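**Student:** The opening residue of the sequence shown carries number 143 in my numbering; numbering runs sequentially from there. Glycine included, every Cβ here is placed at the ideal spot set by N, Cα and C. Note that this is a predicted model, so its numbers are computed, not measured. Sharing a structure with you now.
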Amino acid sequence: MSQAVKLAIVDHRFVHGQITESWCEYVDSQLVLIANDHLVKDKTLQGLMEMSIHDDIVVRYKSIDKASKNLPKLDPSKNAILIVETVADILTLLEAGVDIERLVLSSALDAKGRKKIASAIYVTDEELAGLKAWQEEGLQIEMRELPEDPVENIEF
């Protein structure tokens, strides 16, 4: 069975030119789903983000909880891209049973208690352990900002 989520991206910036110009084309996506509890309530920011989205791409905003319930219902032919702000968010969705084909770690902010694992990716020890567990379960995890960038491997 084909996964409804072709690609999940951890990127604190959510939607920007790299998403629409590179990743959507790379996986031939017609649907971008942004799962974030704060952004789902901010219509102004949603409108600003949608300015960088091509007209033929549909953007949906869901809370993490609603995303975990709605993602399994998506049409796999849309090659949906899921975008979350943090590694913790993607781990929550995975633990809720969301089936993801590939995970790209693009940009996760530095903060207290986080360590750098790539040029723009900072994680906690718990997040790193969670990623390791999902990779061992077969989830393909890549660290890169653009499809044409070389894939960096996570050192566990």
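1) Quickly, what does DSSP pair E163 with across the bridge? List them, please.
2) Find the nearest neighbour of A150 within the set N295, V182, F298 and R286, judged by alpha-carbon distance.
3) I'd like the span of the beta strand (DSSP E) that includes L235, first residue to last.
4) Figure out for me which residue from I225, L216 and S194 has the closest Cα to the Cα of Y203.
5) Applying the criterion that 16 or more other CB atoms from any shown protein chain within 10 Å of the CB defines a buried residue, is S248 buried or exposed?
6) If N212 sits next to K148, beta carbons under 8 Å apart, how far is it from one beta carbon to the other, in whole angstroms?
7) At what residues does the beta strand (DSSP E) containing A260 begin and finish?
8) In three-state terms, what does DSSP make of K185?
9) If you count every other CB in all the chains shown that lies within 10 Å of the CB of D231, and 16 or more means buried, which is it?
10) Using CA coordinates, which residue listed in A250, Q172 and S205 is at the minimum distance from K183?
11) Quick check: the segment 186 to 204 against the segment 234 to 251, are there 3 or more CB pairs under 8 Å?
12) With distance defined between alpha-carbon atoms, name the residue in I223, L190 and G239 nearest to S152.
**Tutor:** According to the data block:
1) For this step, residue 163 is matched to residue 21 along the sequence shown. Its beta-bridge partners do not exist; DSSP assigns none.
2) Within the sequence shown, residue 150 is the residue found at index 8, counting from 1. For A150, the nearest C-alpha among the options comes from R286.
3) Locating residue 235 in the sequence shown gives position 93, counting from the first residue. Taken as a continuous stretch (DSSP letters only), L235 belongs to no beta strand (DSSP E), being part of the alpha helix (DSSP H) at V229 to E237.
4) For the purposes of this step, residue 203 is taken as the residue at position 61 of the sequence shown. Ranking the options by Cα distance to Y203, first place goes to I225.
5) Counted from its first residue, the sequence shown places residue 248 at position 106. S248 should be labelled buried.
6) Looking up residue 212 in the sequence shown gives position 70. Looking up residue 148 in the sequence shown gives position 6. Their Cβ separation, rounded to whole angstroms, is 16 Å, which puts N212 and K148 out of contact at 8 Å.
7) One-based indexing of the sequence shown puts residue 260 at position 118. K257 to A260 is the span of the beta strand (DSSP E), which, as asked, contains A260.
8) As a first step, residue 185 must be located in the sequence shown, where it is residue number 43. Residue state, collapsed to three classes: helix.
9) Taking the sequence shown and counting its residues from 1, one reaches residue 231 at position 89. Classification of D231: buried, given that the 10 Å Cβ count is 16 or more.
10) Counting from 1 along the sequence shown, the entry for residue 183 is found at position 41. Measuring from the Cα of K183, the nearest candidate turns out to be S205.
11) no
12) Counting from one through the sequence shown, the residue named residue 152 turns up at place 10. Checking the sequence, you will find Val at residue 152 rather than Ser. For the residues I223, L190 and G239, the minimum Cα distance to V152 belongs to I223.
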